[in-house]
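Encoded as structure tokens, the structure appears first; notes follow it.
Numbering (my numbering), first residue to last: 45 to 153.
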């Protein structure tokens with residue numbers, strides 16, 4: 045059994061705020077696409093509802109959904125929201141990533 049990715053409290057709070065502004069459910073979809081500077085890149089979208097084959101985890105009423113194909117690449121990950129002088133962004137801490145890039149949105153395994 046694979047471990048579903050989780051949301052930190054900071055990420056859950058940010059998703060809830062974004063969803064409220066857009067009058068959408070507090071559901072973040074994390075998916076993986078080919079491309080980026082290291083081979084794969086993370087994609088974030090607000091979702092209306094989980095799909096049939098999604099893995100779902102929840103933190104403080106906010107759901108993180110991942111499709112079955114992406115799940116193999118992000119199992120055990122943590123999604124965080126970080127703010128720094130360079131800006132604010134969602135960041136994936138992926139224990140499976142063998143390589144990353146400076147932008148933090150691309151990875152290799």
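Every residue gets a Cβ at the ideal spot worked out from N, C-alpha and C, and that includes glycine.
Rounded to whole angstroms, residue 128 and residue 99 show a C-alpha spacing of 30 Å. Residues 69, 71 of the same chain have their beta carbon placed closer than 8 Å to that of residue 93, with the five preceding and five following residues left out of the count. The Cβ neighbour count for residue 55, taken over all protein chains shown within 10 Å, is at least 16; the residue is labelled buried. Non-local beta-carbon contacts of residue 61 in its own chain, meaning distances under 8 Å to residues more than five positions away in sequence, are absent. If you compare the alpha carbons of 111, 64, 97, 67 with that of residue 86, the shortest gap goes to 111.
Between the beta-carbon of residue 84 and that of residue 76 there is about 5 Å, and that keeps the pair under the 8 Å contact cut. Contact annotation: residue 140 and residue 108 have beta-carbon atoms that are not nearer than 8 Å. DSSP, reduced to helix, strand and coil, places residue 98 outside both helices and strands of the structure shown, so it counts as coil. For residue 60, the enclosing alpha helix (DSSP H) stretches over residues 53 to 65. Going by beta carbons, residue 123 and residue 106 fall outside the 8 Å limit.
Around the beta carbon of residue 91, a 10 Å sphere encloses 16 or more other beta carbons of the protein chains shown; the residue is thus reported as buried.
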